[in-house]
Amino acid sequence: MAGGQAPEASPGRYQRRRDEIDDDDCADVLGIDVRGPDADPFDIPAKRAPVERLRRWRQAALVLNASRRFRYTLDLKKEEEKEQIRRKIRAHAQVIRAALLFKEAGEKQNHDTELPEILPRGFGIGEEQLTVMTRDHNYSALQEYGGVKGLANLLKTNLEKGIHGDEADLSCRANAFGPNRYPRKKGRSFWVFLWEACQDVTLVILIIAAVISLVLGIATEGIKEGWYDGTSIAFAVFLVIVVTAVSDYKQSLQFQHLNEEKQNIQVEVIRGGRWIQVSIFDIVVGDIVALKIGDQVPADGVVISGHSLAIDESSMTGESKIVMKDQKSPFLMAGCKVADGFGTMLVTAVGLNTEWGLLMASISEDNNEETPLQVRLNGVATFIGIVGLSAAAMVLVVLFARYFTGHTTNSDGSVQFVKRHTSVKSAIFGSIKILTVAVTIVVVAVPEGLPLAVTLTLAYSMRKMMADKALVRRLSACETMGSATTICSDKTGTLTLSQMTVVQSIVGEVKLQPAGNVDKLSPTVVSLLLEGIAQNTSGSVFEAQVMLCSHHTTTKDGSVEVTGSPTEKAILSWGLDLRMKFAEERSRSSIIHVSPFNSEKKRAGVAVVARDSDVHVHWKGAAEIVLSLCTSWLDVDGSPHEMTPDKANQLKKLIEDMAEQSLRCIAFAYRNLDLKDVPSEEQRINWQLPDNELTLIGIIGMKDPCRPEVRDAVELCKKAGVKVRMVTGDNLKTAKAIALECGILDDSEASAQAIIEGRVFRAYDDTERENVADKISVMARSSPNDKLLLVKALKKIGHVVAVTGDGTNDAPALHEADIGLSMGIQGTEVAKESSDIIILDDNFSSVVKVVRWGRSVYANIQKFIQFQLTVNVAALVINIVAAVSSGNVPLNAVQLLWVNLIMDTLGALALATEPPTDQLMRRPPVGRREPLVTNIMWRNLFIQAVFQVVVLLTLNFRGRDLLHLTHDTLDHSSKVKNTLIFNTFVLCQVFNEVNSRKPEELNIFAGVSRNHLFLAVVSITVVMQVIIIEFLGKFTSTVRLNWKLWLVSIVIAFLSWPLAFVGKFIPVPRTQLKDLILRCWPKSGESAAQQTQDDRIAESRV
16 MAGGQAPEAS PGRYQRRRDE IDDDDCADVL GIDVRGPDAD PFDIPAKRAP VERLRRWRQA
76 ALVLNASRRF RYTLDLKKEE EKEQIRRKIR AHAQVIRAAL LFKEAGEKQN HDTELPEILP
136 RGFGIGEEQL TVMTRDHNYS ALQEYGGVKG LANLLKTNLE KGIHGDEADL SCRANAFGPN
196 RYPRKKGRSF WVFLWEACQD VTLVILIIAA VISLVLGIAT EGIKEGWYDG TSIAFAVFLV
256 IVVTAVSDYK QSLQFQHLNE EKQNIQVEVI RGGRWIQVSI FDIVVGDIVA LKIGDQVPAD
316 GVVISGHSLA IDESSMTGES KIVMKDQKSP FLMAGCKVAD GFGTMLVTAV GLNTEWGLLM
376 ASISEDNNEE TPLQVRLNGV ATFIGIVGLS AAAMVLVVLF ARYFTGHTTN SDGSVQFVKR
436 HTSVKSAIFG SIKILTVAVT IVVVAVPEGL PLAVTLTLAY SMRKMMADKA LVRRLSACET
496 MGSATTICSD KTGTLTLSQM TVVQSIVGEV KLQPAGNVDK LSPTVVSLLL EGIAQNTSGS
556 VFEAQVMLCS HHTTTKDGSV EVTGSPTEKA ILSWGLDLRM KFAEERSRSS IIHVSPFNSE
616 KKRAGVAVVA RDSDVHVHWK GAAEIVLSLC TSWLDVDGSP HEMTPDKANQ LKKLIEDMAE
676 QSLRCIAFAY RNLDLKDVPS EEQRINWQLP DNELTLIGII GMKDPCRPEV RDAVELCKKA
736 GVKVRMVTGD NLKTAKAIAL ECGILDDSEA SAQAIIEGRV FRAYDDTERE NVADKISVMA
796 RSSPNDKLLL VKALKKIGHV VAVTGDGTND APALHEADIG LSMGIQGTEV AKESSDIIIL
856 DDNFSSVVKV VRWGRSVYAN IQKFIQFQLT VNVAALVINI VAAVSSGNVP LNAVQLLWVN
916 LIMDTLGALA LATEPPTDQL MRRPPVGRRE PLVTNIMWRN LFIQAVFQVV VLLTLNFRGR
976 DLLHLTHDTL DHSSKVKNTL IFNTFVLCQV FNEVNSRKPE ELNIFAGVSR NHLFLAVVSI
1036 TVVMQVIIIE FLGKFTSTVR LNWKLWLVSI VIAFLSWPLA FVGKFIPVPR TQLKDLILRC
1096 WPKSGESAAQ QTQDDRIAES RV
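In our numbering, the protein residues as written are 16 to 1117.
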């Protein structure tokens, strides 16, 4: 492989679970869980997880604060309520609308009310009249207003040039008919997050303990000294709650911003005679909107003109039925999708005057979902929590037993509890202290923040990915992208610049480069060619005076602007070079029927009738396909000649020569038709334009240069173990030339197995497809269905598949893929809604950046897990051993709460927000079934935890001797020793936080200066620790340390760095720890052997 050898895949890395392959579709259709009851509840598919599966993991999780833990997961109850609301709105839309408008009017008006004007000033029709007509689809009312033309006059709209579109006009229309917005439910305030953070069971117990401790302390020691213990615990709990709430609130704001970005759809409207892109929220009544296949209808309205315009109204009516729209059935509903054809519409109702607006206003916009990694971390948190609860219970029992049997002593050496001598008040006070320590151990041991670290890193990644031109629609896609093993990419606009230009053309055996050669053609040929260019197009040409052009507009020669798809713009620009006057050419003939471009047919057609009643059927499309339909060709003088085999071969050779230069070849052809052969207007809807016995007019070759950064991006993917495959509608030769240029193909790979045509792949059965799918690098002349078949075959053999798509027909493949990537510029709304991530600049290098971020999410979570588990293990072991052996714990409740804050919220902020590095792209893809805690992490964790436990327990039991404190009083020396243990423990976590940044790399400081948040968190932790030790001793039960003891703490903590460095040279087994443990059980031997066999099969395939 060029540029370095691909990383070796670990065994079983790409293996899919049985249910992901075989049962996924079934589960999606039936809505039931097809897996057995013994399956791991914390294992869900990345897409379309059954409700039962989602419900099961919630029931299995050990949760102390449900409102916080489940905040960013799908609210199953709310989803059911949403569906009920949808049904109600369809039935009672007008009642809800009236209520909302009444409420809105009440808020706007003062005490004195005025009667509204019947008609808005300057318009001939009112808001209510328009809304009623559109809602009821009242065709007779439309006719009374004079049809679409009369309605446009009432709305002061020019059907050719649209509305004026200046600020005054837009403001006037928004005031008269309302804006295209709806009341949004406000996001939760900071106080809600604060309240949710308070609902943690353990924190509630600690607050109660703090209150009791405060009361007893004041009663026992007086108000001057007795308030410290209770107040310090309460303050520590308050600090944990506030920091948690602030972190969660910031995440919520990020998600809110991303939701707004998702809903901001761009719409094409004509204003002041020119087509422009505006936000869907800026649409006003009277606007003329262009609709094409895959678009979302932005507001309610009526059809002005359309060709084969078919609307999918299922989102509003609930019926999966495609409805044809024309002059007799002109009403369009907002929120519906254009299933086929194209046309223009006049907007008649916006915002709350549409059913779509009512629906959006009534349904909460929370799109929470649980991701597979989040659910798996809930499983990890549950396991650790059970261990922690058991440890806390054991500590509680041991401490109570030692306390009430007189085996615990105060710091001055006196026995704490003496039967019949110790007062009830003192006994309760002692018991509360023991309970507080046990509960605090639970706080530290149950990592509530672990699953939420996923949300934190996803929120951070999503915000950064926006800057990298990627808008995430589904959270789980971020994770899954890190596991991608192959990317099936489109060509046009993704691998190429989408800046097509005609570089070769031949008409009537005359090469039209330069364009001046058009004079060699007869007027008949020129007329037919320009008619075909001007009429058989979905683009347009805006010819304006130079003085009307703003500096924001890219124009041709300062006065002409071409709009449409890249292909249409290239053809229209070529027509302008041939001295075509677009408006004049369109006026010379009238369109009577259109056959829009179709990915299956690879061609588009139009039937026009000229002023002399001649009917011409024009076709344009893939050169070799159109050529195969031609029985004659047009000579330079306009005379037709028979398409002989020799002539056909000559033209095929011409097409192949162009294709080998990576040109896209388009052919133009036509045929005459008698007017009597044209069906009547009623029968014309289902008329199939004749595409036989065509006459070839000419062939053009268009160049779309590769993006300059694509080759490097493809090379980076190869090094990362991700195979890039190109799926294109171009012919085989063009596809091969582009693939070689982009680096997808090497010369050695340009074989029959690496390059295949869609029809060949389509003809295979399922088994054959699976056998050849992995070898395919380029699929040419493919249809969207071929792309879908390729995705399914790759998934079957174990690949994690990312797919790019922009067309409506790409929606099934985007939906089926593990990660669907739609294009933000060329992509239709249907494609975007079916995708998981929108690539805003349509650039393949942005897709590769998404892969980097996907791997970064997983890597950051692993760093955080390693850090948190080290703290968990060390804190638990130290307290358990100390409690069992001496009856006292070196770390008290307030100290443990501070440690919890460091390892939970602050640790997540520091480690879960590490930006991606180049090192991530030198590894193989992250296996979705790989354990979260790898052998390398176990090694690092074990080394650090053992080091901390040994050092701190040594200080606990031998500290007085080692620190030469034996000459001091027992009370003071114990406090100094415990303070040193606490200080050393916290500093060990700070140093280990730096270690956790690079679990596998020797240089743990690489890139640390660029991560300002990490540096800030570490700095705050150190500063706070100094303040706690030096100034807050009364609250934390610590004493000030001299510089020597500070140096001892720092030196001990510093040793974790060289220890981690040396530890990374210790080899670890490739077999995961879980598998090694399973081999110890004879019963699992057979299943383990089967698993190993499956792993080998998956590895060999991928």
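We treat Cβ as the ideally placed atom computed from N, Cα and C, and that holds for glycine.
Check your understanding: Quick one: what's got a C-beta closer than 7 Å to T981's C-beta in the same chain, skipping five residues either side?
Key -> The residue labelled residue 981 in the question sits at position 966 within the sequence shown. So the qualifying residues of the chain are R975.
**Study point:** Assumed close pair A492, I700 - CB separation to whole angstroms, cut-off 8 Å
**Key:** Within the sequence shown, the letter at position 477 stands for residue 492. Within the sequence shown, the letter at position 685 stands for residue 700. Contact doesn't hold; Cβ gap of about 40 Å is too wide.
Check your understanding: Going by DSSP, which residues form a beta bridge with E315?
Key -> The residue you call residue 315 lines up with position 300 of the sequence shown. Reading the sequence as shown, one finds Asp at residue 315 and not Glu. A364, per the DSSP bridge assignment.
Check your understanding: Do the stretch 934-951 and the stretch 1032-1052 touch if we need at least three Cβ pairs shorter than 8 Å?
Key -> no
Exercise for review: Can you give me the Cβ contacts of T359 inside the same chain, cut-off strictly under 6 Å, excluding the 5 residues immediately before and after it?
Suggested key: Stepping through the sequence shown from its first residue, residue 359 is reached at position 344. Excluding sequence neighbours, T359 sits near I303, A305, I319 and S320.
Exercise for review: State the start and end residues of the unbroken beta strand (DSSP E) segment that holds L306.
Suggested key: Walking along the sequence shown from the start, residue 306 turns up at place 291. Per DSSP, L306 belongs to the beta strand (DSSP E) from I303 to K307.
Check your understanding: With DSSP run on the structure shown, which of helix, strand or coil describes L711?
Key -> One-based indexing of the sequence shown puts residue 711 at position 696. Looking at L711 - three-state DSSP - the assignment turns out to be strand.
Review point. Hey, would you say S247 sits closer than 8 Å to I447, going by beta carbons?
Key: For the purposes of this step, residue 247 is taken as the residue at position 232 of the sequence shown. For the purposes of this step, residue 447 is taken as the residue at position 432 of the sequence shown. Taking 8 Å as the Cβ cut-off, S247 and I447 do not qualify as a contacting pair.
Check your understanding: So, does the CB of T932 fall closer than 8 Å to a CB anywhere in chain C?
Key -> The displayed structure is made up of one protein chain only, and chain C is not part of it.
Review point. With 16 as the cutoff for other CB atoms within 10 Å, does W1058 come out buried or exposed?
Key: Within the sequence shown, numbered from 1, the residue matching residue 1058 stands at position 1043. Under this definition W1058 is an exposed residue.
Practice item. May I ask you to list the residues that DSSP assigns as paired with G636? Key: Position 621 of the sequence shown, counting from 1, holds the residue named residue 636. DSSP lists R618 and A682 as partners of G636.
Review point. If we call anything under 8 Å between Cβ atoms a contact, is G922 one with E1008?
Key: Position 907 of the sequence shown, counted from the start, is the residue given in the question as residue 922. Position 993 of the sequence shown, counted from the start, is the residue given in the question as residue 1008. A contact, by the Cβ cut-off of 8 Å.
Check your understanding: When DSSP builds the beta bridges, which residues end up paired with I606?
Key -> Counting from 1 along the sequence shown, the entry for residue 606 is found at position 591. Answer is V623, bridged to I606.
**Study point:** Residue of D483, G288, D341 and R489 minimising C-alpha distance to E576
**Key:** Position 561 of the sequence shown, counting from 1, holds the residue named residue 576. Considering only alpha carbons, the answer is G288.
Check your understanding: CB-CB under 7 Å to K307, same chain, minus the five flanking residues each way: which ones, in chain order?
Key -> Here residue 307 corresponds to residue number 292 of the sequence shown, with the count starting at 1. V353, F357 and S553.
Check your understanding: Touching or not, the stretch 419-437 and the stretch 910-929, by the rule of three or more beta carbon pairs under 8 Å?
Key -> no
Point to revise | R417 - containing beta strand (DSSP E), residue span | key: If you number the sequence shown from 1, residue 417 lands on position 402. Per DSSP, R417 belongs to no beta strand (DSSP E); it is in the alpha helix (DSSP H), P387 to F419.
Exercise for review: Compare the C-alpha of I753 against each of E783, M717, R784 and D781 and name the closest.
Suggested key: Here residue 753 is taken as the residue at index 738 of the sequence shown, counted from 1. That would be M717, whose Cα lies nearest to the Cα of I753.
Check your understanding: Is V806 near V815, with beta carbons less than 8 Å apart?
Key -> Taking the first residue of the sequence shown as 1, we reach residue 806 at position 791. Taking the first residue of the sequence shown as 1, we reach residue 815 at position 800. No.
Check your understanding: Does the ligand HEM have even one heavy atom less than 7 Å from the beta-carbon of V737?
Key -> With respect to small molecules bound, the structure shown includes none, and the ligand HEM cannot be examined in it.
Review point. When you compare only the Cα positions, how much space is there between I399 and V1033?
Key: Within the sequence shown, the letter at position 384 stands for residue 399. Within the sequence shown, the letter at position 1018 stands for residue 1033. In a straight line, the C-alpha of I399 is about 25 Å away from that of V1033.
Review point. Would you call the stretch 708-728 and the stretch 927-942 in contact, with 3 or more CB pairs under 8 Å?
Key: no
Review point. Residue range of the alpha helix (DSSP H) that A655 falls in?
Key: Reading the sequence shown from its first residue, position 640 is the one you call residue 655. At residue 655 the sequence reads Pro, which differs from the Ala that was named. Premise fails: P655 lies in the beta strand (DSSP E), P655 to E657, not in any alpha helix (DSSP H).
**Study point:** Span of the alpha helix (DSSP H) around L649
**Key:** Along the sequence shown, read from residue 1 onward, the residue named residue 649 stands at position 634. Where L649 is concerned, there is no enclosing alpha helix (DSSP H), although the beta strand (DSSP E) it sits in stretches over C645 to L649.
Review point. Terminal residues of the continuous alpha helix (DSSP H) containing F557?
Key: To locate residue 557, count along the sequence shown from 1; it is residue 542. Looking at the DSSP string, F557 is not in any alpha helix (DSSP H); the run it does join, the beta strand (DSSP E), is S555 to E558.
Practice item. Tell me the start and end of each unbroken beta strand (DSSP E) in the stretch 327-351 that is at least 3 residues and wholly inside, in chain order. Key: 337-339
Check your understanding: Would you call the stretch 178-187 and the stretch 294-302 touching, i.e. three or more CB-CB distances under 8 Å?
Key -> yes
Practice item. Determine the closest residue to P60 out of P387, E639 and V230, with distance taken between C-alpha atoms. Key: For the purposes of this step, residue 60 is taken as the residue at position 45 of the sequence shown. Looking at the Cα atoms, P387 is the closest of the given residues.
Exercise for review: Taking L644 as the reference, give the member of S837, K635 and V540 with the closest Cα.
Suggested key: The residue given as residue 644 occupies position 629 in the sequence shown. For the residues S837, K635 and V540, the minimum Cα distance to L644 belongs to K635.
Practice item. Verify whether the separation of the beta carbon atoms of N998 and Q1040 is less than 8 Å. Key: Within the sequence shown, the letter at position 983 stands for residue 998. Within the sequence shown, the letter at position 1025 stands for residue 1040. Yes, Cβ-Cβ distance for N998 and Q1040 is below 8 Å.
Point to revise | Burial state of K336, where buried means 16 or more other Cβ atoms lie within 10 Å | key: Within the sequence shown, the letter at position 321 stands for residue 336. So K336 ends up on the exposed side.
Check your understanding: Is it true that the CB of V1066 sits closer than 8 Å to the CB of V1037?
Key -> On the sequence shown, position 1022 is the one that residue 1037 refers to. On the sequence shown, position 1051 is the one that residue 1066 refers to. Taking 8 Å as the Cβ cut-off, V1037 and V1066 do not qualify as a contacting pair.
Review point. First and last residue of the beta strand (DSSP E) that includes Q292?
Key: Sequence index remark: in the sequence shown, residue 292 carries index 277 (1-based). Start and end: R289 to S294.
Point to revise | Nearest neighbour of Q278, chosen from R488, D629, R286 and V886 [CA to CA] | key: For the purposes of this step, residue 278 is taken as the residue at position 263 of the sequence shown. Measuring from the Cα of Q278, the nearest candidate turns out to be R488.
Check your understanding: Where do the ends of the beta strand (DSSP E) carrying R286 lie?
Key -> Here the question's residue 286 lines up with position 271 in the sequence shown. Counting along the chain, the beta strand (DSSP E) containing R286 begins and ends at Q281 to R286.
Check your understanding: Would you say the stretch 769-785 touches the stretch 797-812, given that touching needs at least three Cβ pairs under 8 Å?
Key -> yes
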